[in-house]
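Participant:
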Amino acid sequence: MLELFDQIGVFVFAISGMLTAADRNLDLLGGYIIAFITALGGGTVRDLLLNVDIAWMSSLSHVVIVIVAGTLGVLFRKRLKSFRRTFFIFDTIGIAIFTIVGVQKGLDHGQIALTAIFLGMISATFGGLLRDVLCNEIPLIFRKEIYAIPCLVGGSIYLGGYFLFGLDDHTWLLWISILFIIAFRTLAVIFSWKLPLIRELNS
Amino acid sequence: MLELFDQIGVFVFAISGMLTAADRNLDLLGGYIIAFITALGGGTVRDLLLNVDIAWMSSLSHVVIVIVAGTLGVLFRKRLKSFRRTFFIFDTIGIAIFTIVGVQKGLDHGQIALTAIFLGMISATFGGLLRDVLCNEIPLIFRKEIYAIPCLVGGSIYLGGYFLFGLDDHTWLLWISILFIIAFRTLAVIFSWKLPLIRELNS
Amino acid sequence: MLELFDQIGVFVFAISGMLTAADRNLDLLGGYIIAFITALGGGTVRDLLLNVDIAWMSSLSHVVIVIVAGTLGVLFRKRLKSFRRTFFIFDTIGIAIFTIVGVQKGLDHGQIALTAIFLGMISATFGGLLRDVLCNEIPLIFRKEIYAIPCLVGGSIYLGGYFLFGLDDHTWLLWISILFIIAFRTLAVIFSWKLPLIRELNS
Chain A
-9 MLELFDQIGV
1 FVFAISGMLT
11 AADRNLDLLG
21 GYIIAFITAL
31 GGGTVRDLLL
41 NVDIAWMSSL
51 SHVVIVIVAG
61 TLGVLFRKRL
71 KSFRRTFFIF
81 DTIGIAIFTI
91 VGVQKGLDHG
101 QIALTAIFLG
111 MISATFGGLL
121 RDVLCNEIPL
131 IFRKEIYAIP
141 CLVGGSIYLG
151 GYFLFGLDDH
161 TWLLWISILF
171 IIAFRTLAVI
181 FSWKLPLIRE
191 LNS
Chain B
-9 MLELFDQIGV
1 FVFAISGMLT
11 AADRNLDLLG
21 GYIIAFITAL
31 GGGTVRDLLL
41 NVDIAWMSSL
51 SHVVIVIVAG
61 TLGVLFRKRL
71 KSFRRTFFIF
81 DTIGIAIFTI
91 VGVQKGLDHG
101 QIALTAIFLG
111 MISATFGGLL
121 RDVLCNEIPL
131 IFRKEIYAIP
141 CLVGGSIYLG
151 GYFLFGLDDH
161 TWLLWISILF
171 IIAFRTLAVI
181 FSWKLPLIRE
191 LNS
Chain C
-9 MLELFDQIGV
1 FVFAISGMLT
11 AADRNLDLLG
21 GYIIAFITAL
31 GGGTVRDLLL
41 NVDIAWMSSL
51 SHVVIVIVAG
61 TLGVLFRKRL
71 KSFRRTFFIF
81 DTIGIAIFTI
91 VGVQKGLDHG
101 QIALTAIFLG
111 MISATFGGLL
121 RDVLCNEIPL
131 IFRKEIYAIP
141 CLVGGSIYLG
151 GYFLFGLDDH
161 TWLLWISILF
171 IIAFRTLAVI
181 FSWKLPLIRE
191 LNS
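Residue numbers (my numbering), protein chains in the order written: chain A, -9 to 193; chain B, -9 to 193; chain C, -9 to 193.
Printed below as a string of structure tokens:
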């Protein structure tokens, strides 16, 4: 189940990466590279930190999914773009899935709870962070609306449920946590929830 | 002893990171992320290169120190800021400690002397380098006064003493090397010591 | 043979890095750091992904080559600069060699063919990519003429030949693949071959 979710996350992040690359006027190979890094960069950093084999290196499936999704991104770019929300939806589904996949992978490799939650956030956000750094922009995660908070809270919910209800058959827990993150981020954008700036505190 | 020094280094770098994030007008979570990366990024790169477990992942203490130090940075920001020197002092203590911790960790894992010195410099400077890259600035290390030279020289002194005087009880060597780096960098800033620009050589 | 080629690649990339650093008006240590990262950054990322020992850490030779090449870059900077082509030639020889070294190293560690080709491209291009990110520019690889395509095609030729003609004594295959990449990139620059922009497709 997690494997399938992971592949869906790769798919939506690759489309999101290709659309971003088109926005920044890159050429076709640049688009595929950005799609690749956006989709697989967060998981790569997670696997490097865990000191385990990088997931995409031993499987054709991840790379094929990036190529297919990137190509669909090129072909249906105008249709996808005409709804500004499409981009947001892909990105939100992606961070929700990658957060939970990352937390679970941390647990699978015996990390402590707090580190597992951080690995979830890193899986979800570092692909986009690398994309922004490579495109010479201040990463989105530092600039705008609440972005990483839903990952941290959703990851904690998953982790709490995981320890409370045991290790077997927790597909429903997957769904609840992922839908929670999607709902949280969507509400955050609709209602413009923001964290206070550091300067506003104790000013 | 080294462990305690390492935790002090994490503490001062996390404050330095939070103050920088406030300067760049980030929100609270952005501040904690920058504090985390400034404090633990150099050690993370060092541990990745050494192919050993990342220090902060298996211990709550590092993360707790970042959160406590970051919070103190928020609370006492104005008082800390009113002395421009405070920032400089924290940063200088941090690079001095991290250099020696990095050299020692390199030696502990059987690296050759030159690589151990490089690992010291990487431990000391890459947290700040990642912070600057993420904030979309040319890293400080490339822009201003002598920054990495004291790390290289101080690391070499530590390494020389370590091989000359043997492996046991070298707390005094720790102190001498750390104080040397602090003194070197402080003098470099006071007297505006600079390296020549490449263009000035052979011009 | 591959070892020698690798060292030539490090040599030319270190010169290319020092010349770039001079262009960006860095000081001498900054120049050596950029030379180091340009020459050894791609291989470092490759080795991190492969989860093997980082090549330069256990050998003095790589570091010595960077220092010697960087110093030559400083001394003969004006003579090298007066031919704009020199820079291009060094860079092109470097990416050609590193591509094949990277593909071979991927095969040596049992990676699948596609991943081996990607590792070749990463070896060849990530040093320059890190250099550009650190100098706060959009990486060259995303901006200009065909850059990574010759690596992908040349790596595929090497891989095809490797599997077709067996594993022993393939020095001639090395030469053919490397010369192919150099020729491809040179022709691409002479004739201004470009990939289409994403926006031009399906517009």
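Note that the Cβ used here is the ideal one computed from N, Cα and C, for glycine as well.
1. Check whether the segment 6 to 24 of chain B touches the segment 98 to 110 of chain B, counting contact only when three or more Cβ pairs, one atom from each stretch, lie closer than 8 Å.
2. Taking Cβ positions, are residue 31/C and residue 175/C nearer each other than 9 Å?
3. Buried or exposed for residue 115/B, please, with buried defined as at least 16 other CB atoms from any protein chain shown within 10 angstroms of its CB.
4. Let me know the secondary structure DSSP gives residue 16/B once reduced to three states.
5. Is the segment -9 to -1 of chain C close to the segment 15 to 23 of chain C, with three or more CB pairs under 8 Å?
6. Going by beta carbon distance, what residues of the same chain come within less than 6 Å of residue 183/C, once the five residues before and after it are set aside?
7. Quick one, which of 34/A, 15/A, 23/A and 1/A has its alpha-carbon nearest residue 189/C's?
8. Decide yes or no for the touch test of the segment -4 to 3 of chain C against the segment 40 to 60 of chain C: beta carbon pairs closer than 8 Å, at least 3 of them.
9. Under 9 Å Cβ-Cβ, which residues of chain C neighbour residue 184/B?
10. Taking contact to mean at least 3 C-beta pairs separated by less than 8 Å, is the segment 81 to 97 of chain A in contact with the segment 77 to 93 of chain B?
11. Hey, could you find the ends of the alpha helix (DSSP H) residue 207/C is sitting in?
12. Since residue 34/B meets chain C, which of its residues come closer than 9 Å, beta carbon to beta carbon?
13. State yes or no: is the beta carbon of residue 175/B nearer than 9 Å to at least one beta carbon in chain C?
14. Could you round the C-beta distance between residue 40/B and residue 95/B to whole angstroms and report it? I think they count as a contact, below 8 Å.
15. Select from 43/B, 156/B, 179/B and 152/B the residue whose C-alpha is nearest the C-alpha of residue 167/B.
16. Under 9 Å between the Cβ atoms of residue 125/B and residue 132/A?
17. Compile a chain-ordered list of the residues in the segment 19 to 31 of chain C whose CB is closer than 9 Å to at least one CB of chain B.
18. What residues from chain A crowd round residue 105/C, counting only those whose CB sits closer than 7 Å?
19. Going by other Cβ atoms of all chains shown within 10 Å of its Cβ, with 16 needed for buried, is residue 123/B buried or exposed?
20. Count the other C-beta atoms from every protein chain shown that fall within 10 angstroms of the C-beta of residue 169/B, then say buried if there are 16 or more, exposed otherwise.
21. At the 9 Å Cβ level, is residue 101/A part of the contact set with chain B, yes or no?
22. Name the residue from 13/A, 99/A and -5/A whose alpha carbon lies nearest to the alpha carbon of residue 187/C.
23. Output, in sequence order along the chain, the residues in the segment 109 to 134 of chain B whose CB is closer than 9 Å to any CB in chain A.
24. So, using beta-carbon positions, are residue 138/A and residue 79/B closer together than 9 Å?
25. Just to make sure I have the definition right: I need the residues of chain B whose C-beta is within less than 8 Å of the C-beta of residue 171/A. Which are they?
26. Check the Cβ-Cβ distances between residue 189/C and every residue of chain A, and say whether any is below 9 Å.
Facilitator: This is what the structure holds:
1. no
2. no
3. buried
4. coil
5. The segment -9 to -1 of chain C vs the segment 15 to 23 of chain C: no contact.
6. 136
7. 15/A
8. Contact between the segment -4 to 3 of chain C and the segment 40 to 60 of chain C is present: three or more C-beta pairs spanning the two stretches fall below 8 Å.
9. 17
10. no
11. Any question about residue 207/C goes unanswered here, given that chain C covers just -9 to 193.
12. Chain C residues near residue 34/B: none, gap ~12 Å exceeds 9 Å.
13. no
14. 7 Å
15. 152/B
16. yes
17. 19, 20, 21, 23, 24 and 26
18. By Cβ distance, chain A contributes 47.
19. buried
20. exposed
21. yes
22. 13/A
23. 123, 124, 125 and 126
24. no
25. Per Cβ cutoff of 8 Å: no residues; residue 171/A is ~15 Å from chain B at best.
26. yes
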